[in-house]
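**Student:** To start, I am sharing the structure in question, which I have written as structure tokens.
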Amino acid sequence: MTWDRVSANWRTMMRKVQQRWGRLSDSDLVNVAGRFDALVRQVQDRYALDRRQAERQVQGWLQRL
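With my numbering applied, the sequence shown covers 985 to 1049.
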């Protein structure tokens, strides 16, 4: 799946994102608003990862969709 599709269907995808990264709050996901970089930043902050690790997690999740 491409990020464009995730972004276009963000309201629906928020549930899947929350299943994968349970520490992200509803408020976090609303603030992400379908932006890739914003999701990476939230994952990075909530899971104490460096930017590269967070980006790899998000990319991997995207590939598995």
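Backbone N, C-alpha and C fix where the C-beta goes; we use that ideal spot for every residue, glycine too. Nothing here was measured: the structure is a model prediction, and the numbers come from that model.
State the Cα-Cα distance for the pair residue 1014 and residue 1020, rounded to the nearest angstrom.
**Tutor:** Cα to Cα, the separation comes out at about 13 angstroms.
**Student:** Does the distance from the CB of residue 1046 to the CB of residue 1001 come in under 8 angstroms?
**Tutor:** Contact flag unset, no.
**Student:** Report the rounded CA-to-CA distance for residue 1050 versus residue 1027, giving the unit in angstroms.
**Tutor:** A query on residue 1050 cannot be resolved here, the shown segment of the chain reaching from 985 to 1049 and no further.
**Student:** Mapping the DSSP letters down to three states, classify residue 998 as helix, strand or coil.
**Tutor:** Residue state, collapsed to three classes: helix.
**Student:** Ordered along the chain, which non-local residues of its own chain (more than five positions away) have a Cβ less than 7 angstroms from that of residue 1039?
**Tutor:** Result list for residue 1039: 1024, in chain order.
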